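Visitor:
Number of protein chains: 2
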Amino acid sequence: MDLRHLRYFIAVAEEENIGRAAARLHISQPPLTRQIQQLEEELGVRLFTRTPRGMELTQAGELFLEEARNIRSVVEQATERTQRAGQGKLGRLDIAIFGSGILGIIPRLLLAFRTAYPEVKIVLHTMTKAEQIEALRQRRITLGFNRMLAPLPDLATELVATEQLLVAINESHPLAREESVSFPMLAEHPMVLFPTGARPNFIDKVMRLCEEAGFVPQVSQEVGDAVTGVALVAGGFGICLVPESVTALTLPGVVFRPLHDTPPNCRIDLSCLYRADDQSPILTEFLETVRAFHGAHVAGHSPGIQTETVWDAGI
Amino acid sequence: MDLRHLRYFIAVAEEENIGRAAARLHISQPPLTRQIQQLEEELGVRLFTRTPRGMELTQAGELFLEEARNIRSVVEQATERTQRAGQGKLGRLDIAIFGSGILGIIPRLLLAFRTAYPEVKIVLHTMTKAEQIEALRQRRITLGFNRMLAPLPDLATELVATEQLLVAINESHPLAREESVSFPMLAEHPMVLFPTGARPNFIDKVMRLCEEAGFVPQVSQEVGDAVTGVALVAGGFGICLVPESVTALTLPGVVFRPLHDTPPNCRIDLSCLYRADDQSPILTEFLETVRAFHGAHVAGHSPGIQTETVWDAGI
DNA sequence: GCAACACAATACCTTGAAGGTATGGAGGTT
DNA sequence: AACCTCCATACCTTCAAGGTATTGTGTTGC
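Sequence order for the protein chains is A and B.
Residue numbers 1 to 315, in UniProt numbering, belong to the letters of the first sequence in order.
Residue numbers 1 to 315, in UniProt numbering, belong to the letters of the second sequence in order.
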């Protein structure tokens, strides 16, 4: 049996006349007669009674008509769903984020994608950079968000945003009195660094910037992520350099101050990481969203807009 | 798209290798390659990624695999159900019964059929003989139970059972004292007759029998059906001749007495009526059941068995 | 009652697509 | 570098779907 048989059967059942049904199907009458005979023979069931006025469904034929219509609609839905899946509009996207990645820009990006592709189920996984690379290689995730990415042969990156660096300072700290701080002012103040883990990382960036400013930072503590770092600032462990998205985290007693006279490289990239060989349409659509979002973000947040922001985390 | 495409797709998806899938399908590799390409092209969706190790499903392919398996099982179920319908094992049977037909043998027959063909839905309609004939012609019913059927050109009959005639008597009536009665004893006693309606009917039969016994009955009342007739006997309207199946109806004050020295034609047929041109397998199977039932009934209830029965309706 | 009609079935031919054989080409392995 | 394992392509064969012409069988209309 064939989908053609079903199409023909439905036409004959509806027209109750082989000639008219053949016209509707744009074929001639004899082949249609044969196809119907074939179908009946294959099922071993008489579907029609032949009358001088045409073809009349038997009871078994009535039942088969319902079934045939049902099959047709199931097939239609299947192709339609598969096509949407092929266009990246239906399916599942496994994304890795890092510890404090849930702050700032990523949620807005995910929301934008979810709005554009409501039938794609986004599954979030919290992973370190090394875990992300491993999971991408094993195809357990499709994409990871990270910072400070060294080029890798089989993985590609897409820049999501570049963020300004801020200093997280305890409100009782002398530097908290400044509207903004400069790099040399950070010398001599004990500093919390993050994250521990695979190099190169944010710590290397901070060390290099301090070096360029002519001093070696006093490291009071190294921690795993930005959230812990800011918590230690709240606890009086020292100051901590953080990307601006961390200001989404409000902890009592912590204020954030911008860095003035910053060198041009005193910004930190947020990128996403994916398999260079991944052709999946959902990934393609997601990267498209990332690019659009990045463009809008750069355009919308032109130089100076950050001065509007209140850096104090408040209570 | 074709059911063949689905079969081939499932094989390739399961084997993850065109060569092995082709072997499983008993075709060679190149046509299978082409069929898969065709399917992808028709859907406009890449279902597989070609790797050096074989064929790997894309996300859209995974979804289509589920859909394809689903379609396959829907098609299988449809053919299976249609085949059962074609064998008369699945479907609907519209049967007409007459007023008091629900008494006696018909329920047992219906129960036997229902047990043998549990998936055939029996729908009962109460109709007079004339209504049955009309409904059969319009195909609103497939079969009707009736008595006293005159042969009709387009309708066929099948004998279900022949029943003895009994006399329903009010317990205070003089005849109630007899163990059994003979036809001449009925003369002079007012008699209730049924049914009014299309001739020939049971009334004609009773009139003829009385005539053969040498008297003309005193008709006290004509009513529509046996139930009403027996109710009038209970009310003292007179005696009433009924087929034995009416004894299933117990009314206070009514006793039933057999007729002894009855002529051989003093029995009444219960037949079923159906379209002579009806080829429906369900009807065929039902008639088969009727014949088996009739045979067993005749064999099981050999002469004399009725003497065991208590004719008093009791309270 | 005969002719005309309407419908499905049959006979025979044509064509297109599925299937087969042989071979190419790309990526990985020994 | 040679070989192996895949899938893809080229080209041929065959079978079945589709077309045309015709038959056969009931029904309708004059």
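Glycine residues also receive a C-beta, built at the ideal position from the N, C-alpha and C atoms.
Keep in mind it's a predicted model, so treat the numbers as computed, not measured.
Please list, in chain order, all residues of the same chain as residue 155 of chain A whose beta carbon is under 8 Å from its beta carbon, the five residues on each side excluded.
Guide: 133, 136, 273, 274, 275, 276
Visitor: Any beta carbon of chain B sitting closer than 8 Å to that of residue 85 of chain A?
Guide: yes
Visitor: Quick one: what does DSSP say residue 4 of chain A is sitting in, helix, strand or coil?
Guide: helix
Visitor: Could you pull out every unbroken beta strand (DSSP E) segment of at least 3 residues lying fully inside the stretch 206-293 of chain A, listed in chain order?
Guide: 219-222, 240-243, 254-258, 267-275
Visitor: Is it buried or exposed for residue 316 of chain B, if we count other Cβ within 10 angstroms and need 16 for buried?
Guide: Shown here, chain B extends from 1 to 315; a query on residue 316 of chain B therefore has no answer.
Visitor: Could you tell me whether the stretch 109-125 of chain A touches the stretch 281-297 of chain A, where touching means 3 or more Cβ pairs closer than 8 Å?
Guide: yes
Visitor: Can you have a look at residue 195 of chain A and say buried or exposed, based on whether 16 or more other CB atoms are within 10 angstroms of its CB?
Guide: buried
Visitor: Could you tell me whether the stretch 161-181 of chain A touches the stretch 236-245 of chain A, using the rule of 3 or more Cβ pairs below 8 Å?
Guide: yes
Visitor: Any idea which residues DSSP pairs residue 164 of chain A with across the strands?
Guide: A:267
Visitor: By DSSP's criteria, residue 54 of chain A is part of a beta bridge. Which residues make up the other side?
Guide: A:51
Visitor: Going by DSSP, what residue range makes up the beta strand (DSSP E) through residue 120 of chain A?
Guide: 120-126
Visitor: Got a sec: is the Cβ-Cβ distance from residue 46 of chain A to anything in chain B below 8 Å?
Guide: yes
Visitor: Return the chain-ordered ranges of every alpha helix (DSSP H) run that is complete within the stretch 71-128 of chain B and spans a minimum of 4 residues.
Guide: 105-116
Visitor: Taking 8 Å as the cut-off, decide whether the C-beta atoms of residue 259 of chain B and residue 202 of chain B are in contact.
Guide: no
Visitor: Specify, as a first and last residue, the run of the beta strand (DSSP E) that residue 147 of chain A falls within.
Guide: For residue 147 of chain A, the enclosing beta strand (DSSP E) begins and ends at 143-147.
Visitor: Does the stretch 81-94 of chain B touch the stretch 43-60 of chain A, meaning 3 or more C-beta pairs lie closer than 8 Å?
Guide: yes
Visitor: So residue 16 of chain B and residue 24 of chain B are in contact, right, with Cβ under 8 Å, and what is the actual spacing, rounded?
Guide: Incorrect: roughly 12 Å between the Cβ atoms, too far for contact.
Visitor: Quick one: measure Cβ to Cβ for residue 223 of chain B and residue 232 of chain B, integer angstroms, because I've assumed they're closer than 8 Å.
Guide: 6 Å
Visitor: Are the beta-carbon atoms belonging to residue 239 of chain B and residue 193 of chain B less than 8 Å from one another?
Guide: Against a cut-off of 8 Å, the Cβ pair of residue 193 of chain B and residue 239 of chain B comes out as no contact.
Visitor: Tell me the DSSP bridge mates of residue 170 of chain A?
Guide: A:254
Visitor: In the DSSP assignment, find the unbroken alpha helix (DSSP H) run with residue 193 of chain B in it and report its ends.
Guide: Not the alpha helix (DSSP H): residue 193 of chain B falls in the beta strand (DSSP E), residues 191-193.
Visitor: Excluding the 5 residues preceding and the 5 following residue 123 of chain B in the sequence, name in chain order all residues of the same chain whose CB lies nearer than 8 Å to its CB.
Guide: Excluding residues within five positions, the ones whose Cβ falls inside 8 Å are 92, 93, 94, 95.
Visitor: Per DSSP, residue 158 of chain A forms a beta bridge with which residues?
Guide: A:272
Visitor: Let's test the definition: count the other Cβ atoms within 10 Å of the Cβ of residue 64 of chain B and tell me whether it reaches 16, buried, or not, exposed.
Guide: buried
Visitor: At the level of alpha carbons, what is the spacing between residue 146 of chain B and residue 73 of chain B?
Guide: 44 Å
Visitor: Select from B:139, B:144, B:9 the residue whose C-alpha is nearest the C-alpha of residue 126 of chain B.
Guide: B:144
Visitor: Mind pulling the chain B residues with CB within less than 7 Å of residue 196 of chain A?
Guide: Ordered by position in chain B, no residue passes the 7 Å Cβ test against residue 196 of chain A, which lies about 36 Å from the chain.
Visitor: Determine the chain A residues that contact residue 161 of chain B at a beta-carbon separation under 9 Å, and present them in chain order.
Guide: Listed along chain A, no residue sits closer than 9 Å to residue 161 of chain B by beta-carbon distance, the nearest being about 27 Å off.
Visitor: I'd like to check one pair, residue 103 of chain B with residue 270 of chain B: are the Cβ atoms closer than 8 Å?
Guide: no
Visitor: Would you say residue 91 of chain B lies against chain A (beta-carbon separation less than 8 Å)?
Guide: yes
Visitor: Would residue 35 of chain A be called buried (16 or more neighbouring beta carbons within 10 Å of its own) or exposed?
Guide: buried
Visitor: With respect to the alpha helix (DSSP H) encompassing residue 23 of chain A, which residues constitute its N-terminal and C-terminal limits?
Guide: 18-25
Visitor: Closest by CA to residue 369 of chain A, which one among A:208, A:151, A:159, A:39?
Guide: Chain A is shown only over 1 to 315; residue 369 of chain A falls outside these bounds and no answer can be derived.
Visitor: Would you decide whether residue 255 of chain B is buried or exposed? Buried here means 16 or more other CB atoms lie within 10 Å of its CB.
Guide: The C-beta of residue 255 of chain B has 16 or more other C-beta atoms within 10 Å across all chains shown, which makes the residue buried.
Visitor: Taking all protein chains shown into account, do 16 or more other C-beta atoms lie within 10 angstroms of the C-beta of residue 216 of chain B, making it buried, or fewer, making it exposed?
Guide: exposed
Visitor: Roughly how far, in whole angstroms, is the beta-carbon of residue 268 of chain A from the beta-carbon of residue 205 of chain A, given that I think they are within contact range, below 8 Å?
Guide: 7 Å
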